[in-house]
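All remarks here apply to the structure that follows.
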Amino acid sequence: LKTNSFIVWKGGMPGDFELTLDFKITKAGNSGINYRSEYVKDVPHALRGYQADIDGAMMYTGQNYEERGRTTLAYRGQKTTINPQNDPQVQLRSKVKNNAWTDVTVTGSFGTSDALKEKVKSEDWNTLRIVAKGNHLQHYINGILMSDVTDDDKVFGKSTGSLGMQVHVGGPMKVEYRNIMLKQ
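Under this note's numbering, the first residue of the sequence shown is numbered 410, with each subsequent residue one higher.
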């Protein structure tokens with residue numbers, strides 16, 4: 410692969426939903442579940458949008474990352490509010506620093522990233538639950554809240570969109586999904 414690609418669900422464009430699935434990933438793996446996403450023009454099979462991040466090294470698993478967009482919206486353990494952005498002419502990359510969106514307010518914490526990563530089983534089955542209701546987005550792993558975002562950005566925030574599983578560039582890796590259930 411030259412760019413990240415996605416296996417996209419063709420059954421609709423979910424807005425408010427709850428998605429639950431089991432995943433298992435090798436230590437070298439990098440993937441995620443994109444939601445409320447849009448296709449990227451001129452890049453086959455690519456999506457731009459919110460992502461429940463999953464990686465075998467457990468550096469990012471559970472965080473809210475916006476693929477090809479605002480980048481990190483909440484690290485594991487963070488509750489954040491994305492500040493209102495009302496200027497449609499703003500340059501997206503002008504508000505990204507160190508692969509994180511800068512126009513964000515951290516409003517709470519429910520544990521350190523290291524403590525929460527201990528709740529994720531390495532190279533074993535874990536249950537991911539994504540809850541998207543209005544502009545409120547939550548990622549749970551094994552029943553534990555990992556990231557919580559309230560997106561007040563009217564320019565870049567999305568209320569509906571495609572749902573897809575990321576196929577990440579890089580070396581050999583194995584990512585498995587099972588028991589996928591979508592409730593709208």
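Every residue, glycine too, gets a C-beta built ideally from N, C-alpha and C.
Reduced DSSP secondary structure (H/G/I, E/B, other) of residue i
i: Asp561; result: coil
i: Gly543; result: coil
i: Thr435; result: coil
i: Asn443; result: strand
i: Met555; result: strand
i: Leu410; result: coil
Beta strand (DSSP E) segment containing residue i, residue limits
i: Gln575; result: 571-576
i: Met590; result: 584-592
i: Val417; result: 414-417
Reference residue i, options the options, closest by Cα
i: Tyr444; options: Gly579, Val499, Lys567; result: Lys567
i: Gly471; options: Met574, His577, Tyr549; result: Tyr549
i: Asp451; options: Thr569, Thr514, Arg587, Thr412; result: Thr412
i: Asp562; options: Thr435, Glu532, Val499; result: Val499
i: Val584; options: Ser440, Ile491, Val417; result: Ser440
i: Tyr448; options: Thr521, Leu501, Ala483, Arg477; result: Arg477
i: Lys436; options: Ile463, Tyr474, Arg538, Asp496; result: Ile463
i: Met468; options: Ile434, Arg479, Ala455; result: Ile434
i: Ile589; options: Thr511, Asn544, Ile442, Asp496; result: Ile442
i: Gly420; options: Asn551, Ser571, Ala509; result: Ser571
i: Gly543; options: Val417, Phe415, Pro423; result: Pro423
i: Phe415; options: Val558, His545, His577; result: His577
i: Leu482; options: Gly465, Asp496, Asn507; result: Asn507
i: Pro519; options: Gly465, Gly579, Leu554; result: Correcting the residue identity first, residue 519 is Phe in this sequence and not Pro. Ranking the options by Cα distance to Phe519, first place goes to Leu554.
i: Gly552; options: Leu525, Asn492, Ser503; result: Leu525
i: Phe426; options: Asp557, Ser503, Ala541; result: Ala541
Supposed close pair residue i, residue j - CB separation, criterion 8 Å
i: Leu430; j: Tyr586; result: 5 Å
i: Thr521; j: Thr489; result: Not a contact, Cβ separation roughly 16 Å.
i: Leu546; j: Tyr484; result: Not confirmed; about 14 Å, so no contact.
i: Phe432; j: Leu537; result: 6 Å
Item checked: Residue ranges of each alpha helix (DSSP H) within the segment 451-537, 4 or longer -> 522-526
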